[in-house]
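Novice: For reference, the structure I am asking about is given below.
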Amino acid sequence: MSSRNTLSDRIGRFVPDRFSSSTTGEPGINWTPYLYLLPAFVLYAVVLVYPFIDTFILSFQRITTLGGERRWVGLQNYEAILSDPIFWRASLNTVIFSIGMVFVPLVLGLGLAILIDTGVSGTSTFRSLIFVPVIVPLVVAGIIFGWLLGTNGLLNSVLVGAGIIEEPMRFLNSTTWSLPSVLVMVIWKRTGYYLVILLAGLQGIPDNVYEAARVAGKSRWATFRNITLPLLKPAILVTVIIGIIDSVKAFAHVYVMTGGGPSHSSEILATYFYKVAFRFFQFGKGAAYGFILFAIALTLSLLVIRFSGGSEI
Amino acid sequence: MSVVTRIRDVISGDSDVRTVTRVGTLATLTVATILVAIPLYWMVATSLKTSVQIGVFPPYLVPPTPTIDPFINALQTGPWVQWFLNTVVISGGSTILVLALATPAAYVLGRREFPARKPLYVLFIGILMIPAQILLIPMYTLFSRIGLINTRIGLIVAYSAFFLGFVVFLLHSFFTNLPDNVEDAAHIGGVPEWRTFLRVILPMAKPGIATAAIFVFVFTWNEFLFALTFLQTQELYTISVGLQQFQGLRGTVVYNQLFAMSTLATLPLLIGFALFSEQFIKGMAGLNLK
Amino acid sequence: MSFDDESDVDRRRILKAIGASSVLGLAGCSGNGGSGETEDETDNTDGTDASGDDEPVEITYRDRSGGSDPSIYADVYNDSHDSIEINPSMKPVEEKYRALIAQISAGNSPEVLGLDVVYLPRFAQLGALDTINDFFDSREYTDEIFQPLKEDFINWNDDVYAMPFWIDLSAYYYNKNHYEEAGLDPENPPETFQEFLDACETLQQAGYDTPLSNTLGFVGLESFFYLPHVWAGGGEFLNEDKTECLIDEQPAVDALNFFLELQENGYSTDQTSTESFTYGAFAAEETSMMYGGGTGVGAVKSQNEELFENMGTAMFPKPEGGTRSSFLGGDSISVSSQASGEKREAALEFIDWVNSEEGMKVTVEDLGYLPARKSGFDTEYVKNRQDIFGAFRQGMEQGHAPPMHPRFLEMQGPLNNAIERVLLGNQDPQPALTQAAETINGVLQS
């Protein structure tokens, strides 16, 4: 009997050894893993599952009275959404949006990570500075860029001052430039996030791996392609999956900067969903929309996992 | 020498060009950092300008008469100290709660075989895919019945539930990457499993946990949809709810005050990040090595 | 051994806690009892005691804040009334009633709801509001309420769901000094489209490069700024039954051409902009005129006192032979359908009060909006600035409230997009409006 009274000892007195198969060595159902899962599961079940199911049911209904009656409309909500041309416009925009949210920052982050990893001085300064945008609140970032790209903003004054254009250009309220403008902000904000993940991955690769490659006479490029990249695969996979899911769900980036306009040129799935649910107050339709987004995120994630041949995740 | 050969030399690390690449690398990184810093500089610079100076075109690159008036005015628009404390409590509480629950879950899902393991894992990850907005109203009703609306605890519980999936996803990968023999050694010594978990695995997992902690803290700090809906009385508001009031009608944003407040709101996170940076990086490394 | 000591300490602590809370509880009880005895004797300032209870009835008044803060109504009311306590709950405009919807769904609706008038039909349709037909009819000032507010603004489906509250209407402001310098008559601002365009030309010649600051980029401004020009020409957004959209007809096309001319001749700031509202440039005297709402008064006053002393307002211009018009927006005030008994009574008291002399004073002088009754314009404050309030009063009489349709919110987008396409030069007015009408008809039929 230990005379110490640490937390783990007190827990130990609480949890009978009987539950630990390792000490008794008895066969039978091992309850331990489920115990470890239990608290999380309870929170999840109580807080999320009921609303989730309620919303799923709602997607087949229309609300007659707030907090009161609903009526069944079957698949009508889903049909209405899938036959809405704006939905498809938004889908296309979302594809473009996710390229800007997932792949561009990934490539940029990887490039920067490689450069930083070469060991130049000031590594942590670079790393920290490029990460700061991640911490800035999204709404504020949207406003800052909204202004930088505005008619009276920095970009226009530079372009006009340098004589490249005569008059300030429209960026955010132009049908061609609205989505790319938002993507500039998104890239600014996400690159640091991916940079940190990839850099850590890079720094985790032991130096002797590179040594061995050099001794074997491999060129830098071959080393990168055949050794570094594969070792980074888990990191890249994690970021791609989180990125894809985020780009299906993310709405504030676009909403704060352009509201989806002009004329739906920057409308993405998440912003239109938001309008349907919270501006038009079509709750049944909104629920259906939410589930369509959920299905898209799920499918894409599974595809990515399958495509990468991974049993990683 | 052709361009291609030259590039190949650089990549293959020919020693003659090593210095050039070092300078080039430094230059590129500096340029990148400057580009990233421009909007941040803009935010801080604007917070030092007067209302009149903001509307000028071409815009002032440097505040002509730097003033902290926007900061003072912004701070008077509400009980910011209280809001700051609320945000710390809520973000901190959420971080602690979600870690306490998700860590054991991720541990068994990653290192133990048991029936229904895979479906359970998918169940947890599924949370990640849900757009939180659709659950806003039913969750409000549920929390209202339990009496958790307009309480900090309520918001902590809500955030924890939402981030459960995310943290399980992150930590799962981390736990699977730990060396296999750790538990075996402990078992041989007759140590019960939960003890191994607490005394051995958890300390090894510190970097991973630190990583998850930072993410959850930052994301809950800036979250506003649920904060705005679940918190009714002004004394309970968080910083992000408070920031909303500077936005007014689209187009009547009080820029200098908004940016002043944002700078103040971001600062604690930055300091926290700087402090935890090393742990964080080690954590990310641990996540991704196979 | 140590364990027992510990538990003794714990036990003592618990007892202390129980003791303390019971003392507090008793104090609370006696406090209430005491005040109850004296309150029965209390004279109520408004002469009516809704409840006869010991304590004031507490109800919550929910509204939106953004620039002006309507919690002033609660403060002023609470100062002069003892039997009812109004608890203000303000949310920023941006959140668009998300939290309110959640509250109503959960059965926790605030008793008094100040709602943006374009949202009223939908909330009424969703059963969140109580009908108050009798209440409305029995008010002594019903006759005095401006006509457009009686036809629309407070009703849906032939029932009255609200009292008119604080009104925000649209008009244009002009800088009298600039007018004088350009040779225009500051007492006779332009009335027709053509006169307005001519005035812009004159101002430009006098060196004022951008005579007008205006924008239609934000959703809502197609209603606030554009529709009055359509109404002025006899046009309508929807037909009488609200089953068909009429925005592709001639008056609407003419109105859109007016804005297009403003844009093409460089008379106006970028009307597709979503960067800033119109007040800043006008207050900084970079432009000579601006389209704005009632809040423009306060905005200019706080940014440029001198200009405030030297500006005038006027109703929007009209096509030849038309009648000038304005858009009446703002809030109406309703009682929640979840309120009952004394809380409902209290809520009705409050929504009655907001249109009293005292209430309207708050509307005009504290918030910078407009009152629903004609007598609200008969105060000193208003009489002192006839050059500003004259046009507003006219607007209250000749203007229109928005079409009261539960899906009006979905119809604003297509119209706004059409206007934007035209102003960006991507489409001509008639086809753009026809396209908008088609989309809106689709909404009406679905």
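Read top to bottom, the protein sequences are chains Y, U and F. Just so you know, we're using my numbering here: the first sequence kicks off at 1 and counts up by one. Just so you know, we're using my numbering here: the second sequence kicks off at 1001 and counts up by one. Just so you know, we're using my numbering here: the third sequence kicks off at 2001 and counts up by one. Just so you know, even glycine gets a beta-carbon here, dropped at the ideal spot from N, CA and C. These numbers were taken from a predicted model, which means no experiment stands behind them.
Which same chain residues, not among the five before or five after L2260 of chain F, have their C-beta less than 8 Å away from its C-beta?
Specialist: V2422, L2423 and P2429
Novice: Any idea what DSSP makes of S83 of chain Y, helix, strand or coil?
Specialist: coil
Novice: Reducing DSSP to helix, strand and coil, say where A2314 of chain F ends up.
Specialist: strand
Novice: Hey, would you say V2118 of chain F sits closer than 9 Å to P2402 of chain F, going by beta carbons?
Specialist: Going by C-beta atoms, V2118 of chain F is nearer than 9 Å to P2402 of chain F.
Novice: Between which two residues does the alpha helix (DSSP H) containing R2098 of chain F stretch?
Specialist: R2098 to S2105
Novice: Tell me the DSSP bridge mates of V2335 of chain F?
Specialist: F:V2112
Novice: Can you grab the Cα-Cα spacing for the pair D84 of chain Y / E2342 of chain F, in whole Å?
Specialist: 47 Å
Novice: Report the residues of the region 2095 to 2126 of chain F with a CB closer than 7 Å to any CB of chain U, ordered along the chain.
Specialist: E2095, R2098, A2099, I2101, A2102, S2105, A2106 and N2108
Novice: Would you list the residues sitting across from S2089 of chain F in a DSSP beta bridge?
Specialist: F:R2062
Novice: Using a Cβ-Cβ distance under 9 Å, would S1160 of chain U count as near chain Y?
Specialist: yes
Novice: Output needed for I1156 of chain U: all residues of its chain with C-beta closer than 7 Å, excluding positions within five of it in sequence on either side, in chain order.
Specialist: I1090, G1093, S1094 and L1097
Novice: Are the CB atoms of A191 of chain Y and G109 of chain Y nearer to each other than 9 Å?
Specialist: The question names Ala, but residue 191 of chain Y in the sequence shown is Thr. The answer is yes: Cβ separation under 9 Å.
Novice: Which residues in the same chain as M2360 of chain F place their Cβ atom closer than 7 Å to its Cβ, once the five residues preceding and following it in sequence are excluded?
Specialist: Closer than 7 Å at Cβ, skipping near neighbours: P2371, R2373 and G2376.
Novice: Are P1079 of chain U and E1223 of chain U touching if we call contact CB-CB under 9 Å?
Specialist: No, they are not a contact pair.
Novice: Tell me the residue span of the beta strand (DSSP E) that contains A2171 of chain F.
Specialist: Segment A2171 to N2175, the beta strand (DSSP E) holding A2171 of chain F.
Novice: Can you look up Q2271 of chain F in the DSSP assignment and give me helix, strand or coil?
Specialist: coil
Novice: Would you kindly work out how many angstroms separate the C-alpha atoms of Y2208 of chain F and Y1255 of chain U, rounded to a whole number?
Specialist: 27 Å
Novice: Output the distance between the C-alpha atoms of G2028 of chain F and S2083 of chain F, rounded to the nearest integer angstrom.
Specialist: Because G2028 of chain F carries a pLDDT of 30, less than 50, the predicted location of this residue cannot be relied on, and no value is offered for it.
Novice: Identify the contact partners of R2062 of chain F in chain Y, using a Cβ-Cβ distance below 9 Å as the criterion.
Specialist: Correct list: empty, because the minimum Cβ distance to chain Y is about 14 Å.
Novice: For the alpha helix (DSSP H) that R2122 of chain F lies in, which residues bound it at each end?
Specialist: L2120 to Q2125
Novice: Going along the chain, which residues of the region 2419 to 2430 of chain F sit with their C-beta nearer than 9 Å to a C-beta in chain Y?
Specialist: Interface annotation for the region 2419 to 2430 of chain F against chain Y: E2420, R2421, L2424 and N2426, criterion Cβ-Cβ distance under 9 Å.
Novice: Which chain F residues sit within Cβ distance under 7 Å of S263 of chain Y?
Specialist: N2417, E2420 and R2421
Novice: From G2052 of chain F to F1166 of chain U, what distance separates their C-alpha atoms?
Specialist: Confidence at G2052 of chain F is low in this model, with a pLDDT of 48, below 50, so the placement of that residue is unreliable and no value is reported for it.
Novice: With a cut-off of 9 Å, does the C-beta of A2284 of chain F fall near any C-beta of chain U?
Specialist: yes
Novice: In the DSSP assignment, find the alpha helix (DSSP H) that holds G2292 of chain F and state where it starts and stops.
Specialist: G2292 of chain F -> not in any alpha helix (DSSP H); beta strand (DSSP E) instead, spanning M2289 to G2292.
Novice: Within the region 2123 to 2155 of chain F, note down every full alpha helix (DSSP H) run reaching 4 residues or more, in order along the chain.
Specialist: 2133 to 2137 and 2147 to 2151
Novice: Could you check what DSSP says for T2192 of chain F in three-state terms: helix, strand or coil?
Specialist: strand
Novice: So what does DSSP say about D246 of chain Y, is it helix, strand or coil?
Specialist: Note: D246 of chain Y maps to helix in three-state DSSP.
Novice: Taking the beta strand (DSSP E) that R70 of chain Y belongs to, which residues open and close that run?
Specialist: Where R70 of chain Y is concerned, the enclosing beta strand (DSSP E) stretches over R70 to W72.
Novice: In angstroms with no decimal places, state the Cα-to-Cα distance between I1130 of chain U and L1123 of chain U.
Specialist: 12 Å
Novice: Among the candidates Y:T176, Y:E267 and Y:L232, whose CA atom is the shortest distance from the CA of S247 of chain Y?
Specialist: Y:E267
Novice: Output the boundary residues of the beta strand (DSSP E) element that contains R62 of chain Y.
Specialist: Q61 to I63
Novice: Once the 5 residues before and after D2152 of chain F are set aside, which same chain residues still bring their CB inside 6 Å of it?
Specialist: A2401 and M2404
Novice: For the 8 Å Cβ check, are there 3 or more pairs between the region 167 to 176 of chain Y and the region 2429 to 2439 of chain F?
Specialist: no
Novice: Closest to L229 of chain Y by C-alpha separation, out of Y:L198, Y:L303, Y:S124 and Y:I86, would be which residue?
Specialist: The option with the nearest alpha carbon to L229 of chain Y is Y:L198.
Novice: Does DSSP put P2164 of chain F in a helix, in a strand, or in coil?
Specialist: Residue state, collapsed to three classes: strand.
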